[in-house]
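Q: Everything in the sequence shown is counted per the numbering used here, starting at 262 for the first residue and increasing by one. One structure is given below, represented as structure tokens, and several questions about it will come after.
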Amino acid sequence: MKKILTLFAVIGLVAFSSCEGPEGPPGPPGYDGVGTVYENAPPNYYNFNPSSDPLKNFRVRFVFPQRIFDSDVVLVYRYGGVDSGRDVWEFLPETHYFDDGTRDFSFDFTFSDSFVDIYLNGNNLTDSALDPYRFNQIFRIVVVPADFAKSVNKANYLEVMKAANLSESQVQKIKL
């Protein structure tokens, strides 16, 4: 019985051992780095306007130049001005309340593998007091792998950039 098992083992080893063949064709080009950052740089501002179309009502869309992976995470930041000589990037979703209690609104976003929709929700969105928040908005859209996003404080734009080893020169300026 031992001889038969040994014989089958030797035959199996010979039958299932692989041979080297010709090298296959090269694969598709991969993506460099851990993340990608897009910005609608001036004069390509986003403006949030009312529309009878619910898909466009106080909403803007950014279409990715290439599809993103299902395992990627999209982070969106709104330019909030300058503090101590540095740009301030506010993490979305972001909510604002007015002291008089008559207005409140928030920026939020949804994304798919081909686009990001950034939208404005709230009451009295056409009130002129909201114009600084509705018009001439600049956003940065950061795409990173989901595993990477677990280990960094996503609310801090500078930490995300540092952890992803990205510099300001790598921010891709986009036109609308």
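We put the CB at the ideal spot given by N, CA and C, even for glycine. It should be emphasised that the depicted structure is a prediction, and the values quoted were computed from it without experimental measurement.
Please determine, among Phe330, Asp408, Tyr418, the residue with the shortest C-alpha to C-alpha distance to Arg347.
A: Numbered from its first residue, the sequence shown carries residue 347 at position 86. Of Phe330, Asp408, Tyr418, the residue nearest in Cα terms is Tyr418.
Q: Please list the terminal residues of the continuous alpha helix (DSSP H) segment that includes Pro393.
A: Within the sequence shown, numbered from 1, the residue matching residue 393 stands at position 132. From DSSP, the alpha helix (DSSP H) with Pro393 extends over 392-395.
Q: Pairing CB atoms from the stretch 325-332 with CB atoms from the stretch 343-358, are three or more of them under 8 Å?
A: Taking 8 Å as the limit for Cβ pairs, the verdict is that the stretch 343-358 does not touch the stretch 325-332.
Q: Run through DSSP, which three-state label would Tyr380 get?
A: Here residue 380 refers to the residue found at position 119 when the sequence shown is read from its first residue. In this structure, Tyr380 counts as strand in the three-state DSSP scheme.
Q: How should Gly362 be labelled, buried or exposed, when 16 other C-beta atoms within 10 angstroms of its C-beta is the threshold for buried?
A: Here residue 362 is taken as the residue at index 101 of the sequence shown, counted from 1. Gly362 is exposed by the Cβ-count criterion.
Q: For the alpha helix (DSSP H) holding Glu420, just list the boundary residues, first then last.
A: As a position in the sequence shown, residue 420 is number 159, starting the count at 1. Note, Glu420: alpha helix (DSSP H), 418-424.
Q: So who's on the other strand from Gly342, going by DSSP bridges?
A: Position 81 of the sequence shown, counted from the start, is the residue given in the question as residue 342. Answer by DSSP bridge pairing, in chain order: Val349.
Q: Closest to Asn385 by C-alpha separation, out of Pro304, Pro303, Pro311, would be which residue?
A: Sequence index remark: in the sequence shown, residue 385 carries index 124 (1-based). Ranking the options by Cα distance to Asn385, first place goes to Pro311.
Q: Around the C-beta of Glu281, are 16 or more other C-beta atoms found within 10 angstroms, so that it is buried, or is it exposed?
A: Counting from 1 along the sequence shown, the entry for residue 281 is found at position 20. With fewer than 16 other Cβ atoms within 10 Å, it is exposed.
Q: Could you please give the first and the last residue of the uninterrupted alpha helix (DSSP H) stretch that includes Phe409?
A: Locating residue 409 in the sequence shown gives position 148, counting from the first residue. Run containing Phe409: 407-411, per the alpha helix (DSSP H) assignment.
Q: Indicate the three-state DSSP secondary structure (helix, strand or coil) for Glu355 in the structure shown.
A: Residue numbering aside, residue 355 sits at position 94 when the sequence shown is read from its first letter. The answer is strand: DSSP assigns Glu355 an E or B state.
Q: At the level of alpha carbons, what is the spacing between Lys415 and Pro354?
A: Sequence index remark: in the sequence shown, residue 415 carries index 154 (1-based). Sequence index remark: in the sequence shown, residue 354 carries index 93 (1-based). The alpha-carbon atoms of Lys415 and Pro354 are separated by roughly 12 Å.
Q: Where does Ser313 fall in DSSP's three states?
A: Reading the sequence shown from its first residue, position 52 is the one you call residue 313. If DSSP states are grouped into helix, strand and coil, Ser313 belongs with coil.
Q: Would you decide whether Arg401 is buried or exposed? Buried here means 16 or more other CB atoms lie within 10 Å of its CB.
A: Here residue 401 is taken as the residue at index 140 of the sequence shown, counted from 1. By the neighbour-count rule (16 or more Cβ atoms within 10 Å), Arg401 is buried.
Q: Apply the 10 Å Cβ neighbour rule to Arg322 and answer buried if 16 or more other Cβ atoms are within range, or exposed otherwise.
A: Within the sequence shown, numbered from 1, the residue matching residue 322 stands at position 61. That one is exposed.
Q: Kindly indicate which residue of Ile399, Val404, Pro283 has the alpha-carbon position closest to the one of Lys436.
A: Here the question's residue 436 lines up with position 175 in the sequence shown. Ranking Ile399, Val404, Pro283 by Cα distance to Lys436 puts Ile399 first.
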